[in-house]
Amino acid sequence: MAVPEQAAGRRRGRDESEEERADRRWVELIQEVRVAQTGVQILFGFLLTVVFQPKYEHLSHTDQVIYVVTVVLGAAATGALIGPVSLHRLVSGRRVKPEAVRWASRLTFVGLLLLLATMTSALLLILRVATHGGFVPWLVAVVVAWYLLCWFALPLWARHRHTSR
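The structure is reproduced here in structure tokens:
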């Protein structure tokens, strides 16, 4: 029977200082933020053009409210996902990288939640306008459940399943 590394007196994971860990986590975080930023910026840019389309005036009041909420959510998501870059730039060289990484990570998580809300709201608006069907809320709920599974449930399961205590 194999002896676990910790039981044999060997450390698991990386042998890195707090600063080295912060540097590595920062690089990983920025790569993740790049993916999310691109998506939210494209979606936000598209949303900004909708109000200038002739069909916008013919939307119901409810659809116009959903549109405004979607734009505000998109703006908030964009701010939260760009925030880590500004944070890093403003504190760079101040010897606070571990703290900056923690704050940037929190901003990114908030940005992902806002992106989820933005995409949900945008999907609701688009499907309401495109189909006028009573099934739209159910379809949106299924897609949101898929997002929650992919973005949160699976990662949390993997974290719980494969993380040693």
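Residue numbering for the sequence shown is -19 to 145, as defined by our numbering. C-beta atoms are modelled at their ideal positions from N, C-alpha and C, and glycine is treated no differently.
- Note that the C-beta distance between K77 and W6 is below 8 Å.
- Scanning the region 31 to 78 from its first residue to its last, the whole alpha helix (DSSP H) runs of 4-plus residues come out as 41 to 71.
- Note on geometry: alpha-carbon atoms of G63 and L129 lie some 26 Å from one another.
- The three-state reading of DSSP puts E(-4) in coil, since its state is none of H, G, I, E or B.
- The three-state secondary structure of T29, taken from DSSP, is helix.
- Contact between F89 and G54 is absent: CB atoms are separated by about 17 Å, not below the 8 Å threshold.
- Distance from the Cα of E12 is smallest, within the candidate group L28, V120, A121 and R86, for R86.
- By the beta-carbon neighbour count (other beta carbons within 10 angstroms, threshold 16), G113 is exposed.
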